[in-house]
Structure formats: structure tokens, C-alpha cells
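Below is one structure, written out as C-alpha cells; the observations come after it.
Residue numbers (full-length UniProt numbering): 1 to 104.
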């Protein structure tokens with residue numbers, strides 16, 4: 001587990017855990033589903049997996065990319081940029097934990 005993926009040479013896995021602002025979990029999931037649709041489109045050929053998981057206000061996203069370039073492509077999509085612009089409205093500040101794992 002790492003806080004960065006800079007030295008990874010294989011597939012890069014990301015696990016994000018966050019807590020939605022009370023009453024905003026559905027909106028957060030909707031934003032993440034838009035990102036998921038982008039990941040599963042031709043716009044992101046390097047995205048190998050993207051799944052949104054939920055329990056009440058706890059939201060987890062599990063992602064897999066073929067390399068760092070694919071993550072940078074992902075972060076520059078309109079869906080991801082929109083999610084980023086809305087994050088402070090739907091995610092409790094300080095609750096978001098993002099970790100990187102390399103496929104073995």
C-alpha cells in the first residue's frame with residue numbers, strides 16, 4: 001500500500017474510502033457513477049476496472065489502471081473534473097482516504 005503510484009511497474013489499483021455529507025450520499029454515488037461510465041468508455045482505454053460500493057453514507061471506489069498514464073488520462077476527463085469540483089459539497093472534509101496498490 002502506498003500514498004503514490006510513481007514507482008509501480010504493473011497495474012495500479014486505487015481504493016478510495018469516503019464519508020458522504022449527511023443527505024448527500026445519493027448525489028455522491030451519482031457523481032461517481034458518471035465517472036464510472038467514463039471509465040468504461042473509449043475515452044479511458046487504460047481503465048481496467050471501476051466499481052462503486054456503498055453502505056449507508058460510507059462510499060468506497062475500487063479502481064484498476066494499466067499504468068500511471070491511464071490515471072492521468074482519468075483525472076483529466078470531464079466527469080472526473082466535475083466530481084472534483086463538487087467533492088467539497090458531498091464528501092465530509094477529512095474523511096477521504098486514497099491508497100494505491102500494485103497488482104502482484
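All C-beta atoms in this analysis are idealised placements derived from N, C-alpha and C, irrespective of residue type, glycine included. Remember, it's a predicted structure, so these values are computed and weren't measured experimentally.
What does a CB cutoff of less than 7 Å around residue 28 pick up in its chain, not counting 5 residues either side in sequence?
Translated into the one-based positions of the chain shown, residue 28 becomes position 28. If we look at residue 28 and ignore the five residues flanking it on each side, its Cβ neighbours are 20, 59, 90 and 91.
Mind checking residue 76: buried by the 16 CB within 10 Å criterion, or exposed?
Counting from 1 along the chain shown, the entry for residue 76 is found at position 76. Counting Cβ neighbours within 10 Å, residue 76 comes out exposed, since fewer than 16 surround it.
Spatially closest choice to residue 139 from 69, 65 and 85, by CA coordinates:
The requested residue 139 is not part of the displayed model; the chain covers only 1 to 104.
Between the C-alpha atoms of residue 61 and residue 7, what's the straight-line distance to the nearest angstrom?
If you number the chain shown from 1, residue 61 lands on position 61. If you number the chain shown from 1, residue 7 lands on position 7. Residue 61 and residue 7 have their C-alpha atoms spaced approximately 22 Å apart.
For residue 1, which residues of its own chain have a beta-carbon under 8 Å away from its beta-carbon, when the five flanking residues on both sides are left out?
Sequence index remark: in the chain shown, residue 1 carries index 1 (1-based). Excluding positions up to five away in sequence, the list reads 99, 100 and 101.
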